[in-house]
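The structure under discussion appears below in the form of structure tokens.
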Amino acid sequence: MAKSSRTTSKQDATFKGSVTETSDLKPFQILASDGKPVREDLIPDLELVETLYRKMAQMRYLDDKFFALAKQARLGTYAQFGGQEASQVGSAFALERSDYLAPMYRSTAAMITHGWSTKNAIMYWRGHPEGWRLPDNLNILPIIISIPGQYVHGAGAALGAKLKGTNQIAMTYIGEGGTSQGDFHIAVNFASATNAPCVFIIENNGWAISVPRAVQSKVDYLMRRAEGYGIPGYLVDGNDVLAVHHTAKQAVDDARAGKGPSLIEQMTYRIRPHTTGDETKAYRTEDEANDWIANRDPISRVKKFLELEKRWNDDREVAMIAEIESEFAEALAAADAAPAPDPRAILEYAMVNPGQNLIAQQAELERRIAAFGGAA
Ligand SMILES: Cc1ncc(C[n+]2csc(CCOP(=O)(O)OP(=O)(O)O)c2C)c(N)n1
Ligand SMILES: [Mg+2]
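Counted the way this note's numbering counts, the sequence shown spans residues 219 to 594.
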């Protein structure tokens, strides 16, 4: 690969809509949004670039399919990650298989990148107990809906690995809105104080449901929090999978080398609704999302780069999509074939020693099961 033959691009302008006009910081890029390298010297092996591209394309397909399934009542409420594929795939791909991942509700792409199966993801979002239980061979902690909990879990798993000397590290994700919660600060400070090998990722997608980034806090970039905890902070273009992966790898390597935690802010955008139950028209214009889709899409950026490198063409694209489609169809068929769960499972996992309310709900559930002819 003759690096000198590439045309390079200037770094994209500072992100529109953020409060960064006066900031000297710029999100780190390796590829500009036109697919041309900004940092030729940091372009990795093209095989890795292609792998990341394929994974992101698969994730976008899956995200859109999950949305369609939810609309057909074949999936429950689902939190789409569309637009954040580079942010999740690029970072999770920097982990070793044995490392810990502490996910939030929007982390489906990161989890699958770390080894979770599409079938299990479908089962989880269906509310099927088989999907709740993460496979024994994967160090993925439970998906957290109560916003900042996963940061605390990530810090704890990292410290545990350090104390046991297993050489594992932990990676965890939070949205920019979640950084306003107390446990965000507690977790990062705790990991810093104990030198726990944890990579803390902030996926700044511009919105916390309907609340825009600018009203979350006065600081321009949230990664500046890192300085207050005495750890490295990174600001990355979260739609540049090469920049995301490069930075995550640095943080992962540092954590594994005993240098402690890092905080990475990945500037991205949620091009889809908050969940399948959300209506974006209530709080943002369609133009805003369309601008990101047309001009800053993370998947077409790397595709353009691969095409410029003559590593990608229409035939390969068609073959890849056919592969993605058939893999997904297989996973969906396997999920559909799973026996319906015992409805009691929904309460069985709630508490070891159920309280009064739960006991009353269990009795009500038994009454309803009996009313339906005792089907379980
Ligand atoms: C502790 C807690 N408070 C409130 C909520 C309700 N809630 C769900 S998502 C959300 C916004 C989160 O925004 P952000 O952290 O930016 O993550 P994003 O959804 O954009 O990925 C809120 C307030 C919650 N899940 N947990
Ligand atoms: Mg957000």
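Yeah, the Cβ is synthetic: ideal placement off N, Cα and C, and Gly gets one too.
| query | result |
| --- | --- |
| Beta carbon of Gln255 nearer than 8 Å to that of Arg224 | Sequence inspection shows Pro at residue 255; the Gln mentioned does not correspond to that position. Taking 8 Å as the Cβ cut-off, Pro255 and Arg224 qualify as a contacting pair. |
| Proximal residues to Ser316 (C-beta, below 7 Å), its chain only, five neighbours per side dropped | Asn357 and Gln386 |
| Status (buried if at least 16 other CB within 10 Å, exposed otherwise) for Gly349 | buried |
| Minimum C-alpha distance to Glu258 - residue among Glu265, Leu266 and Leu249 | Leu249 |
| Inter-residue Cα distance where the pair is Arg519 and Gly476 | 34 Å |
| Backbone secondary structure at Ser398 - three-state DSSP | helix |
| Alpha carbon of Val645 to alpha carbon of His371, nearest angstrom | Given a span of 219 to 594 for the chain in the structure shown, any question on residue 645 remains unanswerable. |
| Neighbourhood of His492 by C-beta distance below 6 Å, restricted to the same chain and skipping five residues each side | Ile427 |
| Presumed contact (8 Å Cβ cut-off) between Ser480 and Tyr452, rounded CB distance | 7 Å |
| 8 Å Cβ cutoff met for Gly301 and Tyr487 | yes |
| DSSP-derived helix/strand/coil call for Gly253 | coil |
| Range of the contiguous beta strand (DSSP E) that encloses Val264 | Correcting the residue type first, residue 264 is Leu in the shown sequence and not Val. Per DSSP, Leu264 belongs to no beta strand (DSSP E); it is in the alpha helix (DSSP H), Leu264 to Lys289. |
| Separation of Asp455 from Arg474, as counted between CA atoms | 24 Å |
| Per DSSP, cross-strand counterpart(s) of Thr410 | Position check: residue 410 holds Ser in this sequence, whereas Thr was assumed. Per DSSP, none; premise fails for Ser410. |
| Separation of Ala549 from His332, as counted between CA atoms | 17 Å |
| Asn338 Cβ short of 7 Å to ligand 2 heavy atom set | no |
| CB contact flag (Gln399, Pro366, <8 Å) | yes |
| Exposed unless 16 or more other CB atoms sit within 10 angstroms - verdict on Gly478 | buried |
| Exposure of Glu239, with buried meaning 16 or more beta-carbon neighbours within 10 Å | Since pLDDT at Glu239 reaches only 42, below the 50 mark, its modelled position is unreliable, and the value read off the structure follows with that caveat. Answer is exposed; the Cβ neighbour count stays below 16. |
| Segments of 4+ residues assigned as alpha helix (DSSP H) that fall wholly inside the stretch 495-530 | 504-513 and 516-526 |
| Environment of Tyr342 [buried if 16+ CB atoms lie within 10 Å] | buried |
| Same chain only: Cβ atoms within 6 Å of Asp230, ignoring 5 sequence neighbours per side | Ala250 and Ser251 |
| Residue range of the unbroken alpha helix (DSSP H) whose run includes Phe418 | That residue, Phe418, is in no alpha helix (DSSP H); its beta strand (DSSP E) goes Cys416 to Asn422. |
| At least 3 beta-carbon pairs within less than 8 Å: the stretch 267-284 vs the stretch 541-548 | yes |
| Whole-angstrom C-beta distance between Phe285 and Gln298, which should lie under 8 Å | 6 Å |
| Which residues DSSP lists as bridging Gly308, in chain order | Gly308 is not bridged to any residue. |
| Reduced DSSP secondary structure (H/G/I, E/B, other) of Ala339 | helix |
| Proximity of Ile420 and Glu394 at Cβ, strictly below 8 Å | yes |
| Buried/exposed call for Ile577, threshold 16 Cβ in 10 Å | exposed |
| For Phe590, three-class secondary structure by DSSP | coil |
| Distance, Met322 Cα to Ile363 Cα | 6 Å |
| Alpha-carbon spacing of Val417 relative to Gln290, whole angstroms | 37 Å |
| Endpoints, the beta strand (DSSP E) within which Pro323 is located | Per the sequence shown, the amino acid found at residue 323 is Tyr instead of Pro. Unbroken run through Tyr323: none, as it is neither H nor E. |
| Closer than 6 Å to ligand 2: residues, by C-beta to nearest heavy atom, in chain order | Gly393, Glu394, Gly395, Asn423, Trp425 and Ala426 |
| Proximity of His463 and Leu270 at Cβ, strictly below 8 Å | yes |
| Terminal residues of the beta strand (DSSP E) in which Leu381 lies | No beta strand (DSSP E) contains Leu381, which is instead part of the alpha helix (DSSP H) from Gly367 to Lys382. |
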